[in-house]
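A.B. asks:
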Amino acid sequence: MSATTRQDPARDTLDALRRRFSPPLALVYGMNGSGAIEMTGEGARVRLSDGRTALDFGSYAVTLLGQRHPGVVAAVRRQLDALPVSTRVLGNGTTAALGEALAAYADPERLTRVWLGLNGCDAVEAALKLARLATGRTRVLAVEGGYHGKSLGALAATWSSRYRASLGPLLGGVDHLAPDVEAVPAAFAGEEVAAVIVEPVQGEGGVRPLEPAFLRALARAAREHGAFLIADEIQTGLRRCGPRLVSTDAGLRPDAVLLGKALGGGVQPLSAVLATEELYAPLTADPFVHTTTFSGHPLGAAAGVAALVAVEELAARGERLAALLGSGLDRLARRHRGLICGVRGRGLMWGVEFSGAAAAGDVLLELGRRGLVVSPCLGRPEVLRLLPPLVATDEEAEEALAVLDGACAAVPEEFRTATAAPAVS
2 MSATTRQDPA
12 RDTLDALRRR
22 FSPPLALVYG
32 MNGSGAIEMT
42 GEGARVRLSD
52 GRTALDFGSY
62 AVTLLGQRHP
72 GVVAAVRRQL
82 DALPVSTRVL
92 GNGTTAALGE
102 ALAAYADPER
112 LTRVWLGLNG
122 CDAVEAALKL
132 ARLATGRTRV
142 LAVEGGYHGK
152 SLGALAATWS
162 SRYRASLGPL
172 LGGVDHLAPD
182 VEAVPAAFAG
192 EEVAAVIVEP
202 VQGEGGVRPL
212 EPAFLRALAR
222 AAREHGAFLI
232 ADEIQTGLRR
242 CGPRLVSTDA
252 GLRPDAVLLG
262 KALGGGVQPL
272 SAVLATEELY
282 APLTADPFVH
292 TTTFSGHPLG
302 AAAGVAALVA
312 VEELAARGER
322 LAALLGSGLD
332 RLARRHRGLI
342 CGVRGRGLMW
352 GVEFSGAAAA
362 GDVLLELGRR
372 GLVVSPCLGR
382 PEVLRLLPPL
392 VATDEEAEEA
402 LAVLDGACAA
412 VPEEFRTATA
422 APAVS
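Residue numbers (this note's numbering): 2 to 426.
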């Protein structure tokens with residue numbers, strides 16, 4: 002085939018996405034990739050159809066172990082050759098091994114029971130359902146700014162009106178409280194509460210670490226009122242923010258921890274609920290009260306076991322990267338004051354807040370052209386998330402900071418406002 006008739010894979014892919022999925026989605030993909038699509042990935046990089054490579058510091062926190070981590074890929078390949086899918090009427094050792102590994106990983110004295118799903122919504126739905134069944138109550142408390150998914154049950158706990166608009170009535174009995182210690186007592190007044198669900202660091206809500214005093218007050222009030230505390234660590238867990246789990250490290254003693262995104266090692270879709278005996282009691286009594294067809298599927302279970310091992314092997318690397326990024330983003334925030342209004346984050350989860358959504362969008366497109374993938378906060382469009390993988394090298398971290406610096410410098414002057422030096426937290 003001659004060069005003049007050879008098909009362009011990016012054009013063909015974007016055309017198919019436009020025809021079969023969504024024209025706006027194809028437009029966004031095309032803009033983000035400057036007309037190119039992703040082809041292969043390895044480590045902290047993806048290779049694009051036009052021959053360029055891009056650093057993956059995004060992927061909505063899924064690629065904590067980078068692209069195609071060799072340990073996870075090998076485990077999945079072995080499982081694929083043995084038992085890729087479960088019969089659902091027989092037990093298998095891989096799924097059982099993941100349950101043991103998860104119980105040992107989090108809080109082996111308290112979080113002794115496991116339920117497995119495919120994505121974060123699965124875990125949220127299961128945990129809320131268990132709380133209502135175990136307590137006989139229906140009321141749930143969530144936190145303003147929180148994000149827990151877009152399925153109808155999980156959506157009731159999600160704060161952003163962007164996702165909730167025109168979809169009411171949602172799951173009844175969900176109230177939101179401000180992330181303020183003073184708001185806690187009033188939130189528990191009135192009807193008894195079945196569960197409190199909270200992200201210790203709000204990801205989609207703009208990368209907002211919640212104040213430890215607020216989290217402690219919320220956990221204490223939940224215990225005093227006989228409500229279950231559900232820590233949504235789908236994005237923050239597995240050392241994304243430093244410790245294995247932010248909630249247990251903070252001494253909150255949650256009744257359930259929800260994991261997802263990175264749990265499948267960036268190779269398989271996988272989520273989990275790690276629960277106390279009390280919260281899990283409905284499933285102990287009747288294991289079919291909440292099921293999904295692919296819960297605990299062997300390929301995902303194999304990936305999960307390998308991912309937990311790899312995360313711990315790279316824990317020290319994560320601490321080093323976190324320090325590099327924290328200090329580097331501090332420098333950039335001061336250099337680009339007027340464009341960058343604030344930097345927030347913890348560990349390998351950072352949010353850069355710009356002077357407005359238009360400024361953030363311009364930076365996002367410039368980053369795509371320069372070879373850095375980040376994740377926008379759709380509910381807070383003025384914030385871009387940097388979610389680097391544990392496998393990134395010092396040089397790649399410095400490269401990402403240099404690309405961000407250059408992208409900020411290229412932003413038109415009208416996006417800059419006179420302001421004091423931005424806060425870094």
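Glycine residues also receive a C-beta, built at the ideal position from the N, C-alpha and C atoms.
From the DSSP output, in three-state form, read off THR14 for me.
C.D. replies: helix
A.B. asks: In chain order, which beta strand (DSSP E) runs of at least 3 residues are fully inside the region 310-392?
C.D. replies: 341-347, 350-355, 384-387
A.B. asks: Nearest by alpha-carbon distance to GLU399: which of ALA45, VAL312, GLY339, GLY52 is it?
C.D. replies: ALA45
A.B. asks: Taking DSSP as the reference, what is the three-state secondary structure of PRO413?
C.D. replies: In the structure shown, PRO413 falls within a coil segment according to DSSP collapsed to helix, strand and coil.
A.B. asks: Does the Cβ of ASP16 have 16 or more other Cβ atoms within 10 Å, making it buried, or fewer, making it exposed?
C.D. replies: exposed
A.B. asks: Could you tell me which residues DSSP pairs with VAL194 in its beta bridges?
C.D. replies: Answer is ARG140, bridged to VAL194.
A.B. asks: Bridge partners for ARG48 per DSSP, in chain order?
C.D. replies: The partner list for ARG48 (beta bridge, DSSP) reads THR41, THR54.
A.B. asks: Using CA coordinates, which residue listed in GLU43, PRO24, SER23, VAL47 is at the minimum distance from GLY34?
C.D. replies: VAL47
A.B. asks: Could you tell me the distance, in whole angstroms, from the CA atom of GLU320 to the CA atom of SER328?
C.D. replies: Those two C-alpha atoms are separated by around 13 Å.
A.B. asks: According to the Cβ coordinates, are VAL1 and ALA257 closer than 7 Å?
C.D. replies: Past the edges of the chain, shown from 2 to 426, lies residue 1, and the structure says nothing about it.
A.B. asks: Alpha carbon to alpha carbon, how far is GLY137 from ALA411? Give it in angstroms, no decimals.
C.D. replies: 57 Å
A.B. asks: Which residue wins for smallest C-alpha separation from LEU264, given the options GLY204, SER87, GLY118?
C.D. replies: GLY118
A.B. asks: Whole angstroms are fine: how far does the CA of ARG386 sit from the CA of LEU330?
C.D. replies: 12 Å
A.B. asks: Judging by CA-CA distance, which residue of LEU56, VAL77, LEU91 is the nearest neighbour of THR41?
C.D. replies: LEU56
A.B. asks: Short of 6 Å in beta carbon distance, which residues of its chain neighbour ALA4, apart from the five on each side in sequence? Order them along the chain.
C.D. replies: Unreliable positioning characterises ALA4 in this predicted model, as indicated by a pLDDT of 45, which lies under 50. The coordinate reading is nonetheless provided below. Closer than 6 Å at the Cβ level, and outside the excluded window around ALA4, lies no residue.
A.B. asks: In this structure, what does DSSP give as the bridge partners for PHE229?
C.D. replies: ALA196
A.B. asks: Could you spell out where the alpha helix (DSSP H) holding ASP82 opens and where it closes?
C.D. replies: 71-83
A.B. asks: Which same chain residues, not among the five before or five after PRO186, have their C-beta less than 8 Å away from its C-beta?
C.D. replies: ALA222
A.B. asks: Counting only the same chain and skipping the five closest in sequence on each side, list residues whose C-beta sits under 6 Å from that of ALA316.
C.D. replies: ARG240
A.B. asks: I need the straight-line Cα distance from ALA360 to PHE416, nearest angstrom please.
C.D. replies: Between ALA360 and PHE416, the alpha-carbon positions lie close to 6 Å from each other.
A.B. asks: Where CYS409 and GLY343 are concerned, what is the direct C-alpha to C-alpha distance, given to the nearest angstrom?
C.D. replies: 14 Å
A.B. asks: Rounded to whole angstroms, what is the Cα-Cα separation between GLY28 and GLY154?
C.D. replies: Just to set this straight, residue 28 is Leu in the shown sequence, not Gly. When rounded, the distance between both Cα atoms is 30 Å.
A.B. asks: Give the C-beta separation of GLY267 and THR96 to the nearest angstrom, bearing in mind that I take them to be a contact with Cβ-Cβ under 8 Å.
C.D. replies: Not quite, the Cβ-Cβ distance comes to about 20 Å (not below 8 Å), so this is no contact.
A.B. asks: Among THR54, PHE355, ALA76, ALA11, which has the Cα closest to the Cα of GLU397?
C.D. replies: THR54
A.B. asks: Which residues mark the beginning and the end of the beta strand (DSSP E) in which ALA282 is found?
C.D. replies: Element bounds for ALA282: not the beta strand (DSSP E) but the alpha helix (DSSP H), 278-286.
A.B. asks: In terms of residues, what are the limits of the alpha helix (DSSP H) holding ALA188?
C.D. replies: 185-188
A.B. asks: In this structure, how does DSSP classify GLN8 when only helix, strand and coil are distinguished?
C.D. replies: coil
A.B. asks: Exposed or buried, what is SER162 when buried is set at 16 or more other beta-carbons lying within 10 Å of its beta-carbon?
C.D. replies: exposed
A.B. asks: Please go through the same chain and pick out, in chain order, the residues whose beta-carbon is closer than 6 Å to the beta-carbon of ALA98, but skip the five residues on each side of it.
C.D. replies: VAL306
A.B. asks: In terms of residue numbering, what span does the alpha helix (DSSP H) encompassing ALA257 cover?
C.D. replies: No alpha helix (DSSP H) holds ALA257; the beta strand (DSSP E) holding it covers 257-260.
A.B. asks: Determine which residues share a DSSP beta bridge with VAL182 and list them.
C.D. replies: In DSSP, VAL182 forms no bridge with anything.
A.B. asks: What does the alpha-carbon distance come out to for the pair GLY346 and ALA184?
C.D. replies: 24 Å
A.B. asks: Taking contact to mean at least 3 C-beta pairs separated by less than 8 Å, is the region 368-375 in contact with the region 139-153?
C.D. replies: no
A.B. asks: Enumerate in chain order the residues of its own chain whose CB-to-CB distance from LYS130 is below 6 Å, with the five nearest sequence positions on each side excluded.
C.D. replies: If we look at LYS130 and ignore the five residues flanking it on each side, its Cβ neighbours are HIS291.
A.B. asks: DSSP on ASP406, reduced to helix/strand/coil?
C.D. replies: Judged by DSSP in its simplified three-state form, ASP406 adopts helix.
A.B. asks: Taking the C-alpha atoms as reference points, what is the distance between PRO390 and VAL197?
C.D. replies: 30 Å
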